[in-house]
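Step one of this worksheet: look at the structure below.
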Amino acid sequence: MPRAIYIDAKGNQFEADIPVGQNLMEGAVDNMIDGILGECGGVMACATCHVYVAKEWQDKLPPASEREDDMIDMAIEPEENSRLSCQIEMTEELDGITVYLPRSQF
1 MPRAIYIDAK GNQFEADIPV GQNLMEGAVD NMIDGILGEC GGVMACATCH
51 VYVAKEWQDK LPPASEREDD MIDMAIEPEE NSRLSCQIEM TEELDGITVY
101 LPRSQF
């Protein structure tokens with residue numbers, strides 16, 4: 001099972017095995033990782049699953065949809081590498097993906 005690495009604003013690292021097909025937001029919630037709330041359940045209505053994708057993983061993800069980009073614009077402190085974790089579906093190729101949690105979600 002592929003693994004995701006979540007690093008919070010204090011530098012604490014958490015790892016979670018996430019089944020292929022599940023998104024990173026669900027994986028964080030299922031593994032009780034603080035900093036990703038997913039209040040809307042993954043329907044892109046809240047941006048409480050905002051993450052910063054590590055540089056080496058950005059090109060391995062499909063581009064964000066226009067709707068995702070619109071939600072990221074409403075997130076606190078969006079960056080060039082911002083994504084909604086509910087829109088990143090785990091695949092075998094993403095084994096080891098690293099995302100950083102915004103300070104605003106700490």
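Take 1 as the starting number for the sequence shown in the UniProt record's numbering and just add one per residue.
Here a beta-carbon is modelled for each residue, glycine too, at the ideal position from N, C-alpha and C.
Quick caveat: nothing in here was measured; it's all calculated off a predicted structure.
Task: With 16 other Cβ atoms within 10 Å as the buried cut-off, status of GLY96 - done: Around the C-beta of GLY96, fewer than 16 other C-beta atoms lie within 10 Å, and the residue is accordingly described as exposed.
- [ ] Find out if the Cβ-Cβ distance for the pair GLU92, PRO2 is shorter than 7 Å.
- [x] Judged by beta-carbon spacing, PRO2 lies within the 7 Å limit of GLU92, meaning their Cβ atoms are closer than that value.
Task: Euclidean distance between Cα positions of TRP57 and ALA64 - done: Going by the C-alpha atoms only, they are around 14 Å apart.
- [ ] Spatial neighbours of ILE72 within its chain, please: CB distance less than 6 Å, with the 5 preceding and 5 following residues excluded, ordered by chain position.
- [x] These residues qualify, in order along the chain: PRO78 and SER82.
Open item on the list: On the DSSP letters alone, give me the boundaries of the alpha helix (DSSP H) that GLN22 sits inside.
Closed with: Taken as a continuous stretch (DSSP letters only), GLN22 belongs to no alpha helix (DSSP H), as it is neither H nor E.
Open item on the list: Could you tell me the alpha carbon to alpha carbon distance between LEU84 and VAL43, rounded to whole angstroms?
Closed with: In this model, LEU84 and VAL43 are separated by some 10 Å (Cα to Cα).
TODO: Starting from the N-terminal side, write out each stretch of the alpha helix (DSSP H) that is 4 residues or longer and does not extend beyond the UniProt domain "2Fe-2S ferredoxin-type" (3-105).
DONE: List check, alpha helix (DSSP H) in window: 24-30, 55-58 and 66-74.
TODO: Quick one: measure Cβ to Cβ for LEU94 and VAL51, integer angstroms, because I've assumed they're closer than 8 Å.
DONE: Going by Cβ atoms, the distance from LEU94 to VAL51 rounds to 13 Å, so no, they are not a contact pair.
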